[in-house]
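Count along the sequence shown from 1, add 146, and you get the number used in the working numbering.
Glycine included, C-beta positions come from ideal geometry on N, C-alpha and C.
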Amino acid sequence: MFDRRLIENFDWGFLTIIVLIASVGLVILYSALTAGNDAGTVHMLFKKQVIWMGIGFCIMLACVVIDYSELDKLNLLFYLLCVGLLVSVIIFGELGGGSRRWLVIGFIRVQPSELMKIALIISLASVYSTCLSQTGLNFRKLIKPAVLCSIPFFLIVIQPDLGTGLLLLLIAGTITLFVKVERRVFLSLSGLGLLIVPMVWFVLKEYQKSRILTFLNPDRDPLGAGYHIIQSKIAIGSGMLTGKGFLKGTQNALSFLPEQHTDFIVSVLAEEWGLVGCSILLILYFILLFWGLNIAYNCRNLFGSILAFGITAMIFWQIFINVGMVMGLMPVVGVPLPLVSYGGSSVVTNMVGFGILLNISMRKFVSG
Numbered sequence: 147m148f149d150r151r152l153i154e155n156f157d158w159g160f161l162t163i164i165v166l167i168a169s170v171g172l173v174i175l176y177s178a179l180t181a182g183n184d185a186g187t188v189h190m191l192f193k194k195q196v197i198w199m200g201i202g203f204c205i206m207l208a209c210v211v212i213d214y215s216e217l218d219k220l221n222l223l224f225y226l227l228c229v230g231l232l233v234s235v236i237i238f239g240e241l242g243g244g245s246r247r248w249l250v251i252g253f254i255r256v257q258p259s260e261l262m263k264i265a266l267i268i269s270l271a272s273v274y275s276t277c278l279s280q281t282g283l284n285f286r287k288l289i290k291p292a293v294l295c296s297i298p299f300f301l302i303v304i305q306p307d308l309g310t311g312l313l314l315l316l317i318a319g320t321i322t323l324f325v326k327v328e329r330r331v332f333l334s335l336s337g338l339g340l341l342i343v344p345m346v347w348f349v350l351k352e353y354q355k356s357r358i359l360t361f362l363n364p365d366r367d368p369l370g371a372g373y374h375i376i377q378s379k380i381a382i383g384s385g386m387l388t389g390k391g392f393l394k395g396t397q398n399a400l401s402f403l404p405e406q407h408t409d410f411i412v413s414v415l416a417e418e419w420g421l422v423g424c425s426i427l428l429i430l431y432f433i434l435l436f437w438g439l440n441i442a443y444n445c446r447n448l449f450g451s452i453l454a455f456g457i458t459a460m461i462f463w464q465i466f467i468n469v470g471m472v473m474g475l476m477p478v479v480g481v482p483l484p485l486v487s488y489g490g491s492s493v494v495t496n497m498v499g500f501g502i503l504l505n506i507s508m509r510k511f512v513s514g
């Protein structure tokens, strides 16, 4: 029998925040693709993004229908499916920009590393919900989660896509700290991390080393590796308090700003709408993150609580890295801004995450 409480507990407020951010994202993307061109012509990429948004909303609503607890039973299937897609990328993936990150399936271009974020969060939530203790997780209980993280990390890094690989580790690490580890485990892993970080430098590719050195000193190569960050800072600074106005951003219109519709779309927002526009978007994101944490806190089911926290952590790290990147506070690693940057796989992945959060919020009265 259908439970009427599901309708009564539908989270219309959370859905409203998602719609607002998506709407702001489409306005910014339209400007990023149109400024400097014929304003009467709608760019093909904008049309595609509208289609992906529509598909994403349908998928999000579909995710609400099935009880999220079913994901606990199917977590291994989702995980293996996404790992299989990552292996397929290495073998059959489309080569672009010196890397293989996309699979072309008919007329659809998919980035499996985006979908892997959700699959990993579901798998970790399933594992952690069955092995928690008051004192925290020990080394033995962290072996399985470590394996679950290592496989996709390795497959993504060899594409190569170090940014998404590190994002997976950040999400997994955040979830692990949320569920609690033993003090000695935390200190040991922290010390090991400090030892490994300097060694990583010697295995990085030259372009990756260049990004890090440019992050530390953008002026070392102003016309090369440092060009992106310098132009982004100019766009952000020139927007000042209220910006230059819609479609009037000169850095964007004159094509000085690279990747303006993907990685550096915040720079377009800052130039045209200034500090006020950026603040509005960040406030909306803050409300979204707070709402996600509230869903995790109020969920009576341990699996659902960890799952909600993991999805919220995924959204947080994407926002944190992207905004830090365009401001020159972090290296350029190519992490899209949720619901704002162009990208079908990113939109669908985030919408699946939002659908699961809505699902958990609707069933917050269910214990387990």
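Nonlocal neighbours in the same chain, by C-beta distance under 6 Å from residue i, ignoring five residues either side
{"i": "N468", "result": "V481, L483"}
{"i": "I441", "result": "A454, L503, I506, S507"}
{"i": "M94", "result": "Outside the shown range of the chain, which is 147 to 514, sits residue 94, and nothing can be said about it."}
{"i": "N155", "result": "M508"}
{"i": "D157", "result": "L504, S507"}
{"i": "Q406", "result": "A178, N398, V414"}
{"i": "L288", "result": "none"}
{"i": "L231", "result": "P258"}
{"i": "I465", "result": "Y431"}
Residue environment, residue i, which counts as buried when at least 16 other CB atoms sit within 10 Å
{"i": "F192", "result": "buried"}
{"i": "V210", "result": "buried"}
{"i": "G450", "result": "buried"}
{"i": "S269", "result": "buried"}
{"i": "I153", "result": "exposed"}
{"i": "F462", "result": "buried"}
{"i": "M262", "result": "buried"}
{"i": "C204", "result": "exposed"}
{"i": "M386", "result": "exposed"}
{"i": "E260", "result": "buried"}
Cβ neighbours of residue i in the same chain (closer than 7 Å, five flanking residues each side left out)
{"i": "F299", "result": "G311, L314, L315"}
{"i": "F285", "result": "V331"}
{"i": "F224", "result": "A265, I268"}
{"i": "C445", "result": "S451, A454, I506, K510"}
{"i": "M460", "result": "K263, I267, I317, G499"}
{"i": "V250", "result": "E240"}
Neighbourhood of residue i by C-beta distance below 8 Å, restricted to the same chain and skipping five residues each side
{"i": "V233", "result": "L301"}
{"i": "M147", "result": "Because the pLDDT of M147 is 42, which lies under 50, any placement of that residue in the model is unreliable, and the number read from its coordinates should be weighed accordingly. If we look at M147 and ignore the five residues flanking it on each side, it has no Cβ neighbours."}
Reduced DSSP secondary structure (H/G/I, E/B, other) of residue i
{"i": "I304", "result": "coil"}
{"i": "I254", "result": "strand"}
{"i": "S215", "result": "coil"}
{"i": "L387", "result": "coil"}
{"i": "V188", "result": "coil"}
{"i": "S269", "result": "helix"}
{"i": "V327", "result": "strand"}
{"i": "R247", "result": "strand"}
{"i": "L137", "result": "Summary: the structure shown does not reach residue 137, with the chain confined to residues 147 through 514, and so no result is reported for it."}
{"i": "E405", "result": "coil"}
{"i": "L106", "result": "Residue 106 is absent from the structure shown; the chain starts at 147 and stops at 514."}
{"i": "C445", "result": "coil"}
Of the listed residues the options, nearest to residue i (C-alpha basis)
{"i": "L393", "options": "G474, E418, S425", "result": "E418"}
{"i": "I382", "options": "V343, L340, G423, G202", "result": "G423"}
{"i": "T167", "options": "R446, C445, Y431", "result": "Per the sequence shown, the amino acid found at residue 167 is Ile instead of Thr. With distances taken between Cα atoms, I167 lies closest to Y431."}
{"i": "I174", "options": "G420, C228, S259", "result": "G420"}
{"i": "G474", "options": "H374, V494, I426", "result": "H374"}
{"i": "L227", "options": "N447, I297, I457", "result": "I297"}
{"i": "L245", "options": "V229, L308, I197", "result": "Residue 245 is actually Ser in this sequence, not Leu. When each option's Cα is compared against that of S245, the closest is L308."}
{"i": "A416", "options": "T408, P404, K379", "result": "K379"}
{"i": "V486", "options": "W437, P306, D409, Y443", "result": "D409"}
{"i": "L161", "options": "V256, T322, L435", "result": "L435"}
{"i": "G489", "options": "G339, I212, G171", "result": "G171"}
Residue-level contact to chain B via CB, residue i, 8 Å cutoff
{"i": "V293", "result": "Considering every chain present, this structure includes no chain B. It has just one protein chain."}
Open item on the list: For the pair the segment 214-230 and the segment 259-276, tell me if three or more CB-CB distances fall below 8 Å.
Closed with: Three or more Cβ pairs closer than 8 Å define a contact, and the segment 214-230 meets that threshold against the segment 259-276.
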